[in-house]
Amino acid sequence: MAPEILYALCGVVAFTSASFLFRAVTHRTSPLWMNAFKASSAALAFFIWASVEGMLKGWPSPPVLAVALFLVSGLLGLNISDWFMLRSYARIGPARTMIVYRFQPLYLGAMAYFFLGQTLSPSQLFAVLLLIGCVVVLSHEGKRNHGKWDVAGVGIAFTGMMLDGTGVLISRVGFDLVPGLGTAQANVIRCGGALLGFLAISLWKRPKGLALRETFIQLGSKYQFMAVFGSIFGTFLGLFLWLKALSMGNVAQISAMGGLAPVIAILIESALSRKWPGGHALVALVLCLCGMALLIS
Numbered sequence: 001m002a003p004e005i006l007y008a009l010c011g012v013v014a015f016t017s018a019s020f021l022f023r024a025v026t027h028r029t030s031p032l033w034m035n036a037f038k039a040s041s042a043a044l045a046f047f048i049w050a051s052v053e054g055m056l057k058g059w060p061s062p063p064v065l066a067v068a069l070f071l072v073s074g075l076l077g078l079n080i081s082d083w084f085m086l087r088s089y090a091r092i093g094p095a096r097t098m099i100v101y102r103f104q105p106l107y108l109g110a111m112a113y114f115f116l117g118q119t120l121s122p123s124q125l126f127a128v129l130l131l132i133g134c135v136v137v138l139s140h141e142g143k144r145n146h147g148k149w150d151v152a153g154v155g156i157a158f159t160g161m162m163l164d165g166t167g168v169l170i171s172r173v174g175f176d177l178v179p180g181l182g183t184a185q186a187n188v189i190r191c192g193g194a195l196l197g198f199l200a201i202s203l204w205k206r207p208k209g210l211a212l213r214e215t216f217i218q219l220g221s222k223y224q225f226m227a228v229f230g231s232i233f234g235t236f237l238g239l240f241l242w243l244k245a246l247s248m249g250n251v252a253q254i255s256a257m258g259g260l261a262p263v264i265a266i267l268i269e270s271a272l273s274r275k276w277p278g279g280h281a282l283v284a285l286v287l288c289l290c291g292m293a294l295l296i297s
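Under this note's numbering, think of the first position of the sequence shown as 1, with each following residue one higher.
Written as structure tokens, this is what we have:
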């Protein structure tokens, strides 16, 4: 197995597992608080790692353009996108959110079509229909459970996916500008972009701000552990491995590796609920995997 594929696989497992912890804490707090806490925790962990790495190996000096790209990537991918993702976790669950996120290779392909002139093959166009069917199935599940089509829940996940995909593209451009840049150093800059966004939100919500410390104290030891472990295992480790893979491999190929996320999420969801996945989830998963297979074939 190629190193970049192994990095991507481990990153998907780490983040998907942590998504269930994020969902539990989000129900006790809010998507905004959970997002700010995990980004702050990951920023601290990346800063410590990058400092040690810098002392041992030295740091390249990225140009201003690369720094700006990583800051924008962090603002989109670790702040705005993750807010939509956490709202989606709370509304339709991690497993269904992960299924919607498998549209990302298709979204990246569409971006390449409009901005790079690359075209879609007939098999890729059929994959589009399969993935659209996936969204219809998930929305219909909301109609069966709640009496209405859950278009809003799927739309929230879809918006997060597009913002995250844009962040992935911008990150790759940044890595291409500075080939010797370490993953930890790049993530410090990306987390800085996310934290600048949270600083702006905190100033806007004055005098209370985001109340990170006060809310954390009120959570209790069980949910405090979930918040900290999820942030370090899912955001720090998962993001480190994912960007390591992204810096080494093909963007579309690495993104396609995320196709395992809904499989892992459905298995975890079934284990936690101690019952088999519902029919809608299984049908959506099959459509998702078939679409993914066509996209990477």
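Even glycine gets a Cβ: it sits at the ideal position worked out from N, Cα and C.
Residue of the options minimising C-alpha distance to residue i
i      : options                           : result
Phe46  : Ala68, Leu32, Val67 and Gly238    : Gly238
Gly11  : Thr235, Ala284, Gly278 and Arg274 : Thr235
Leu282 : Trp242, Leu272 and Ile266         : Ile266
Met226 : Val188, Glu214, Val137 and Ala24  : Ala24
Gly133 : Leu108, Thr159, Phe103 and Gly160 : Phe103
Phe84  : Phe175, Ala36 and Phe233          : Ala36
Ala2   : Ser221, Val52 and Ile254          : Ile254
Gly197 : Leu210, Ser221 and Glu4           : Leu210
Ala157 : Ser73, Ser61 and Ile92            : Ile92
Ser231 : Ile5, Met34, Phe216 and Pro62     : Met34
Pro299 : Phe229, Leu241 and Gly180         : This structure cannot speak to residue 299, because the chain is shown only from 1 to 297.
Helix, strand or coil at residue i [DSSP, three-state]
i      : result
Gly93  : coil
Pro62  : coil
Trp33  : helix
Ala2   : coil
Gly197 : helix
Ala281 : helix
Pro179 : coil
Trp83  : helix
Arg23  : helix
Ala261 : helix
Ala271 : helix
Phe15  : helix
Lys205 : coil
Phe240 : helix
Spatial distance of residue i from residue j (CA atoms)
i      : j      : result
Ile170 : Val178 : 13 Å
Leu106 : Ser40  : 31 Å
Thr26  : Ala90  : 7 Å
Cys212 : Ser123 : What sits at residue 212 in the sequence shown is Leu, not Cys. Cα-Cα distance, rounded: 48 Å.
Gly367 : Ala293 : Within the shown structure, residues of the chain are numbered from 1 to 297, placing residue 367 beyond reach of any answer.
Leu246 : Leu9   : 12 Å
Ala184 : Ala68  : 16 Å
Arg274 : Leu86  : 23 Å
Leu287 : Gly278 : 15 Å
Leu243 : Ala43  : 14 Å
Val13  : Ser88  : 19 Å
Phe70  : Ala50  : 15 Å
Lys222 : Cys290 : 39 Å
Ile48  : Gly74  : 18 Å
Val52  : Pro262 : 35 Å
Leu129 : Ser270 : 27 Å
Val136 : His280 : 10 Å
Ala127 : Leu285 : 13 Å
Interface flag, residue i vs chain C, CB-CB below 8 Å
i     : result
Trp83 : No chain C appears in the structure shown, which is made up of a single protein chain.
Cβ-heavy atom distance, residue i to the ligand PLP, below 7 Å
i    : result
Leu6 : In the structure on display, the ligand PLP does not appear, and there are no ligands present to speak of.
Would you call the stretch 158 to 178 and the stretch 17 to 34 in contact, with 3 or more CB pairs under 8 Å? no
Count the C-beta pairs between the stretch 258 to 269 and the stretch 93 to 103 that are closer than 8 Å, then say yes if the count reaches three, no if not. Contact holds: three or more Cβ-Cβ distances are below 8 Å.
Do the stretch 185 to 204 and the stretch 13 to 20 make contact, defined as three or more Cβ pairs closer than 8 Å? no
Counting beta carbon pairs with one atom in the stretch 70 to 83 and one in the stretch 186 to 194, are three or more of them shorter than 8 Å? Yes: the two stretches touch, three or more of their Cβ pairs being nearer than 8 Å.
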